[in-house]
Amino acid sequence: MKVLIIGAHGKVGHLLIGELQSRNIDFVAGLRSQEQIKAYNENNIETQFIDLTASLDDIKDSIEASGADVIVFSAGAGGAGYDKTIEIDLDGAIKTMMVAETIGIKRYIMVSSLFSDNRSKWEASGIRPYMIAKHYADDHLRGSGLDYTIIHPGGLSDEDGTGKVKLLGPNEQGMIPRVDVAKALALIIQNPNTIGKEYTFASGDQPEEDFFN
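Here our numbering is used: the first residue of the sequence shown is 244, the next is one more, and so on.
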């Protein structure tokens with residue numbers, strides 16, 4: 244197994260690198276700039292240039308070159324504006340799904356958002372374009388032929404992890420450290436029982452090893 248982390252320079256993606264290293268899981272860091280690639284290579288991390296705004300053929304070439312058979316999508320426009328949000332969080336995500344199906348990568352794990360499926364919450368979130376993008380990217384993934392898992396974590400923090408979570412109901416909110424989200428992803432990667440499932444969660448009392456099963 245080899246995992247391609249699309250968005251490895253983001254906070255969750257970077258923490259996932261540490262989780263995979265600690266579990267001896269082979270991975271490649273998908274990055275969007277040569278400066279990032281240089282910095283990661285200097286730390287002996289295998290990298291792959293991936294531009295989510297590029298053509299479908301270029302993205303296909305990049306993903307094929309990674310040699311991965313699992314994709315974790317943790318990329319995002321990061322508040323760069325409506326146009327970039329649609330281009331990266333929606334179209335970029337869907338292009339990677341299309342490529343995965345074309346080249347035979349079955350396993351695909353999506354880092355989504357809390358309330359991405361609850362339109363009544365979008366306006367109050369203050370990031371409505373992002374929520375729209377996530378909603379339709381998730382929906383496309385559900386309808387694909389991929390062995391998907393989608394996570395919907397609560398509000399993200401940079402606090403120390405607890406390794407414990409809880410299920411959130413349809414209108415519940417909660418916070419969770421990014422390091423615990425990264426751990427969730429690592430557990431999901433290792434557990435085929437998570438295929439076809441979605442998890443909406445925040446910090447709680449249940450060990451993550453028991454929750455993601």
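We put the CB at the ideal spot given by N, CA and C, even for glycine. In this text the structure is predicted, and so the values were computed from the model without any measurement.
- Only residues of its own chain outside the window of five on either side were considered, and among them Asn434, Asn436, Thr437 have a CB closer than 8 angstroms to the CB of Asn456, listed in chain order.
- Comparing alpha carbon positions, the residue from Gly261, Ile249, Lys349 closest to Arg275 is Ile249.
- Between Ile337 and Ala380, the CB-CB gap stays under 8 angstroms.
- With a cutoff of 8 angstroms on beta-carbon distance, His395 and Ser355 are scored as near each other.
- Taken through DSSP and simplified to helix, strand or coil, Lys327 comes out as helix.
- Within the same chain, Cβ atoms closer than 7 angstroms to the Cβ of Thr290 are found at Val271, Ala272, Leu274, Ile280, Tyr283, Asn284, the five residues on either side in sequence being excluded.
- Residue burial is scored here from C-beta neighbours: Asp269 has fewer than 16 other C-beta atoms within 10 angstroms and is therefore classed as exposed.
- In this structure, the alpha-carbon of Ser305 lies about 6 angstroms from that of Ile293.
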